[in-house]
Amino acid sequence: MTPTMPNFLIIGAAKAGTTSLYHYLQQHPDIFLGSPKEMVFFASTYERTRIVRFPNRPKNLTEYQQIFAEARHKPARGEVSTPYLYLPTSARRIAEHIPDAKLIVMLRHPAERAFSQYQHMRRDGLETTTDFGEALNLETARLATDPFAGWQYRSIGYYAAQIAHYLELFPRSQLRVYLYDDFARDTNAVLRDIFSFLEVDPDVRIDHDVRHNISGIPRNRALHQLVNRNKRLRQNLKRVLPHWLTKRLAYGFNRRNLVRETLSNTLYNALTEEYRDDILALEKLIGRDLSGWLEPRPTPHPEPR
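Letter 275 of the sequence shown, counting from 1, is numbered 430 in my numbering, and no numbers are missing.
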């Protein structure tokens with residue numbers, strides 16, 4: 156029997172709606188998505204254990220193929236691993252193993268993406284500073300001693316070089332880029348386009364009311380850990396409640412328990428200016444007007460003394 160491989164990959168970007176996309180695509184009867192999300196098989200061992208810190212993933216090609224073996228009859232088989240977009244070795248490894256793979260990218264304004272990642276790190280108790288500006292200033296020093304991608308708030312947002320690397324190895328027709336803003340504004344339209352790209356029925360109705368993996372600061376950290384990290388509780392709930400209901404309950408709890416902070420206009424504008432050249436290069440690469448990403452947010456004048 157011929158070994159089974161995925162025929163599409165969602166390769167990024169982190170904190171750009173990919174977890175929600177993962178759960179939405181799972182509802183389509185003709186799509187199989189490997190589990191867990193972020194298998195990062197096409198990363199080196201060093202990258203999996205030191206940069207993204209996902210050591211317990213498929214260790215070899217046989218293990219990876221076994222995940223997809225049960226879905227060999229599905230016309231669309233894929234996985235979602237956002238580190239593939241920025242890890243330097245992934246594109247070439249993917250090209251070597253599945254050169255015909257369709258690649259999906261979801262991009263978010265890099266300043267907003269960075270701030271969402273910062274809130275994610277605080278949510279999970281990994282970020283110690285309560286000041287995003289300080290976290291940005293610490294990034295270089297932290298990475299000098301620890302390559303963990305969680306600290307890469309600023310550096311992961313330079314998308315142009317990342318996309319260009321893939322276009323050096325794959326035909327443009329195999330790469331589809333979407334914007335997070337479009338996905339949030341008209342989820343159905345984006346899903347239909349993805350389904351058409353994957354050559355499955357675009358008219359399948361998807362429940363996309365629940366947003367997944369939302370960032371924020373827990374009001375009650377102990378309850379957050381219980382609901383989101385307690386494996387025994389989740390396993391017990393799965394035995395008595397349908398999967399969709401447990402997801403809705405967790406989403407409802409997180410919406411109430413997580414406080415979503417606001418990125419200051421001053422920091423937003425400063426970061427946007429840093430990304431300006433990259434955003435202009437990205438525009439040309441993907442053929443999208445990104446002028447809205449470059450517009451500054453108005454900063455209120457200080458009160459007169």
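Even for Gly, the Cβ is constructed at its ideal location relative to N, Cα and C. These numbers come from a predicted model, not from an experiment.
- The Cβ atoms of LYS170 and VAL235 do not sit closer than 7 Å to each other.
- Distances from the CA of ASP348 to each of MET276, GLY233 and TYR333 were compared; the closest alpha carbon is that of TYR333.
- Taking the Cα of PHE325 as reference, the smallest distance to any Cα among PRO265, LEU258 and ASN162 is reached at LEU258.
- Under the three-state reduction of DSSP, MET276 is assigned to helix.
- With fewer than 16 other beta carbons inside 10 angstroms of its own, LEU281 counts as exposed.
- Per DSSP, VAL195 lies in no beta strand (DSSP E) segment and is marked neither H nor E.
- Residue nearest to GLN272 within the set ASP255, ILE434, ALA296 and THR237 is THR237 (criterion: CA-CA distance).
- Apart from sequence neighbours up to five positions away, the residues of its chain that approach ARG263 with a beta-carbon distance below 6 Å are ALA171 and TYR335, ordered along the chain.
- When C-alpha distances from THR283 are compared across THR295, THR174 and TRP306, the shortest belongs to TRP306.
- Our two residues, GLU267 and TYR430, have alpha carbons roughly 12 Å apart in a direct line.
- Put simply, the stretch 352-362 touches the stretch 182-189. At least three CB pairs are less than 8 Å apart.
- For LYS257, the enclosing beta strand (DSSP E) stretches over residues 257-262.
- Proximity to ALA231 across LEU293, MET160 and ARG415 peaks at MET160, based on C-alpha coordinates.
- DSSP places GLY167 in the strand class (E or B) of the three-state scheme.
- Taking the Cβ atoms as the reference, TYR321 lies roughly 5 Å from ALA246, within the contact range of under 8 Å.
- Under DSSP, GLU234 forms a beta bridge with LEU164.
- Distance from the CA atom of ALA315 to the CA atom of ARG205, rounded to whole angstroms, is 24 Å.
- In the three-state scheme derived from DSSP, where H, G and I count as helix and E and B as strand, VAL345 is classed as helix.
- Around ASP337, the same chain offers ALA344 and VAL345 as residues with beta carbons nearer than 8 Å, after the five sequence neighbours per side are excluded.
- In this chain, the beta strand (DSSP E) harbouring ARG331 covers 330-334.
- DSSP, reduced to helix, strand and coil, places PHE187 within a strand of the structure shown.
- DSSP places GLY288 in the uninterrupted alpha helix (DSSP H) bounded by 287-300.
- Note that the C-beta distance between PHE163 and GLY233 is below 7 Å.
- When LYS214, THR200, THR300 and HIS228 are compared, the shortest CA-CA separation from LEU188 is found for HIS228.
- Annotated three-state conformation of ARG268 is helix, per DSSP.
- Around ASP433, the same chain offers TYR313, TYR314 and ALA315 as residues with beta carbons nearer than 7 Å, after the five sequence neighbours per side are excluded.
- Straight across, the Cα-Cα distance linking LEU449 with ILE253 is about 36 Å.
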